[in-house]
Amino acid sequence: MKLLIIEDEKELSDSICSYMNSEQFSCETAYDYRTALDKIILNEYVCIILDITLPYGSGLDLLSELKAMNKSDGVLIISAKNSLDDRIKGLNSGADDYLTKPFHLAELGARVSAIVRRKSFEGKTKISIGLLTLDLSERILKSGDEQIPLTKKEYELLLYFISNKNKVVTKEAIVEHLWGDDIDMADSYDFIYSHIKNLRKKLMQAGCPDYIKAVYGMGYKFSINH
């Protein structure tokens, strides 16, 4: 799951990135308004961590741009401003939550996870889909009583498929979602096929149907009929 961290303090941005990467997220960064706007226009994120005060513009203006583009990305504002007016203005502009600096990274992570659950999984901490049960808090996947061990990328891939169940997702969308800014490092799609193959194998070995269908010339679909 891909996050965008819009924060001009590079040290804080790096700390947030490091922590959220350890929490199974993939992070992209922007240190000013213009770079952030370019990324928001081009990409979709499960959540945007947004500072209000930025070089060349305001985080509140970015919220307005998101609203104008009908984007559904979750937004968590982080700001040193602690007045009630700033909180209300941010939330009324479309933010999902507001966290005042300084904060503990664990609280930031918990709030981002809560936003993602509300946006993608109707606030649930456990998802049952087909024969699978996924505990989002513990990041544990089970088929019946059997736990299915997943790598970080397999877990991210499964979440992406589940949040887009019964929809065709392109190879390009999968690459962008899982690798973000590192996309240019890949000169072929072999690594996608490898991750999908391994995930399918693990699910089927645990007794599941083949949920992940290749759609010729288009991409893949996580098909659940019940």
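Here UniProt numbering is used: the first residue of the sequence shown is 1, the next is one more, and so on. Cβ atoms here follow ideal geometry from the backbone N, Cα and C, with glycine treated the same way.
**OP:** State the DSSP-derived secondary structure class of Gln24, mapped to helix, strand or coil.
**Re:** In the structure shown, the three-state DSSP call for Gln24 is coil.
Subject >> Beta carbon of His195 nearer than 9 Å to that of Met1 >> reply: no
Original post:
What separation, rounded to the nearest whole angstrom, lies between the Cα atoms of residue 286 and Ser223?
Top reply: It is not possible to answer for residue 286, since the shown part of the chain is limited to 1 through 226.
Original post:
Does DSSP put Cys208 in a helix, a strand or coil?
Top reply: coil
Original post:
When the Cα atoms are used, what is the spatial distance from Lys89 to Ile52?
Top reply: Computed Cα separation, rounded: 11 Å.
Subject >> Short Cβ contact (9 Å threshold) for Thr125 with Arg118 >> reply: no
Original post:
Straight-line CA distance for Met185 to Leu150?
Top reply: In this prediction, Met185 scores a pLDDT of 49, lower than 50, which makes its location untrustworthy; no coordinate-derived value is stated.
Subject >> Same chain, Cβ closer than 7 Å to Ser64, neighbours up to 5 away in sequence not counted >> reply: Excluding sequence positions up to five before and after Ser64, its CB lies within less than 7 Å of the CB of Ser93, all in the same chain and listed in chain order.
Original post:
Using DSSP with H/G/I as helix, E/B as strand and the rest coil, what is Glu172?
Top reply: helix
Original post:
CB-CB under 7 Å to Arg111, same chain, minus the five flanking residues each way: which ones, in chain order?
Top reply: Leu76, Asp97, Leu99
**OP:** Whole angstroms is fine: what's the gap from Gln24's alpha carbon to Lys152's?
**Re:** 6 Å
Original post:
Whole beta strand (DSSP E) runs in the segment 16–74 with 3 or more residues, listed along the chain?
Top reply: 26–30, 47–51
Original post:
With DSSP run on the structure shown, which of helix, strand or coil describes Glu214?
Top reply: Per the sequence shown, the amino acid found at residue 214 is Ala instead of Glu. Here Ala214 sits in strand by DSSP.
Subject >> Nearest residue (CA-CA) to Leu108, options Cys47, Gly217, Tyr211 >> reply: Cys47
Subject >> C-alpha gap between Val169 and Leu157, whole angstroms >> reply: 11 Å
Original post:
For the beta strand (DSSP E) that contains Ile6, what are its first and last residues?
Top reply: 2–6
Original post:
For Asp73, is the classification buried or exposed, using 16 other Cβ atoms within 10 angstroms of its Cβ as the cut-off for buried?
Top reply: buried
**OP:** Just list the beta strand (DSSP E) runs in the segment 112–175, keeping only unbroken ones of 3 residues or longer that don't cross its boundaries, in chain order.
**Re:** 126–129, 132–135, 140–143, 146–148, 168–170
**OP:** Identify which residue in Ile49, Pro55, Tyr19 has its Cα closest to the Cα of Asp32.
**Re:** Pro55
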